[in-house]
Ligand code: THG
């Protein structure tokens, strides 16, 4: 098939690392927060194998930051999420559901607490900036809300620690999961967290100032030569195996955090001031009637999942939908993420999934694969 191209324009933003990404031979992009996000370098399968065995440098500049700065920054942050932030200290990152007044998911970012009066919200693919600005203005809060010139660069894979230590020194090895520290690169301060959109381990460097992007990219590629470093990107197969959710694909503002399996990141009773708290208290009490599940789909490799695939019961009733699916080489089955009604969400339940290639047998898994 002759795949159409994306027409470049100013609205479709490049990143500080785009030059390096192109030099590394990027084969496909998606658009995320109005910015280019690479999706394939060698092939999705080769990128997957390499991610699990070596180390990759990912241009995830499209994980834009919403910065909150000022005396009311922490108050505003707590208004945005049902996760209780009172115990969070500067130096910590939290994965936080962001919900609207009905308890519907608006985004599922990583919140980075830089100081009591300064936060970065590292957003998924929705225009969260406008919701946050609206709340700050509507409540007359003493806080500045904007998108700073900060571009995350992720280092992912089992050899991440060695690569990072080669560039930033051995102290970077001591950064704990979902914590960050400040490190120097060519006289510039870099916030470096142990986090990232894979289950293979690694770091995220919050690069402040686009001008230092390519010098850092080049230094990592040079230092990693002996470690088989390669440009990479969030990998479809690896993320489905790991159950990492994709906002806009696996959930939308029609879903509550509980439906998304993100109830463990909600402390709705104690998250005082959270918008949507009353709505969420109701759904938390009743419990969701549908929820995200890992689903194995039998048979040959499925085509790309471009729209929801109906999930049917053994009797043929519609009981859910698949939102992400792909062939997994390591588990030798099609792995999928779907939303399934409570009558059919128990592990082992036999289902049918209507793919564009026809109906397939499928089953609810006890958990994700990795
Ligand atoms: N890192 C940063 N920003 C991001 C992402 C990221 N913004 C966009 C997108 N990814 C937001 N979504 C997610 C989804 C999952 C995770 C992080 C961001 C994640 N989840 C882990 C898990 O589910 O195993 C850990 C969650 C936890 O235990 O706190 O990491 O990747 N900067």
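In my numbering, the protein residues as written are 1190 to 1559. Backbone N, C-alpha and C define an ideal beta-carbon position, used for all residues, glycine too.
Asked: Reduced DSSP secondary structure (H/G/I, E/B, other) of residue 1431; Found: helix
Asked: Residue 1501 vs residue 1508 beta-carbon contact at 8 Å; Found: yes
Asked: Exposure of residue 1360, with buried meaning 16 or more beta-carbon neighbours within 10 Å; Found: exposed
Asked: Burial state of residue 1461 (16 or more Cβ within 10 Å); Found: exposed
Asked: Short Cβ contact (8 Å threshold) for residue 1524 with residue 1485; Found: yes
Asked: Sequence-ordered residues whose beta carbon comes within less than 6 Å of a heavy atom of the ligand THG; Found: 1252, 1284, 1297, 1298, 1299, 1311, 1312, 1313, 1341, 1367, 1384, 1385, 1386, 1393, 1433 and 1434
Asked: Where residue 1543 sits in the DSSP three-state scheme; Found: strand
Asked: Three-way DSSP call (helix, strand, coil) for residue 1228 in this model; Found: strand
Asked: Whole-angstrom distance between residue 1288 and residue 1446, CA atom to CA atom; Found: 8 Å
Asked: Residue 1311, DSSP secondary structure in three states; Found: strand
Asked: Residue 1392 burial status per 10 Å Cβ neighbour count (16 or more: buried); Found: buried
Asked: Local conformation of residue 1531 per DSSP, three classes; Found: helix
Asked: Backbone secondary structure at residue 1277 - three-state DSSP; Found: coil
Asked: Residue 1334, enclosing alpha helix (DSSP H) - first and last residue; Found: Here residue 1334 belongs to no alpha helix (DSSP H); instead the beta strand (DSSP E) covers 1333-1335.
Asked: Closest residue to residue 1302 among 1381, 1320, 1250 and 1246 (Cα-Cα distance); Found: 1381
Asked: Presumed contact (8 Å Cβ cut-off) between residue 1436 and residue 1297, rounded CB distance; Found: 5 Å
Asked: Per-residue DSSP class, three states only, for residue 1209; Found: helix
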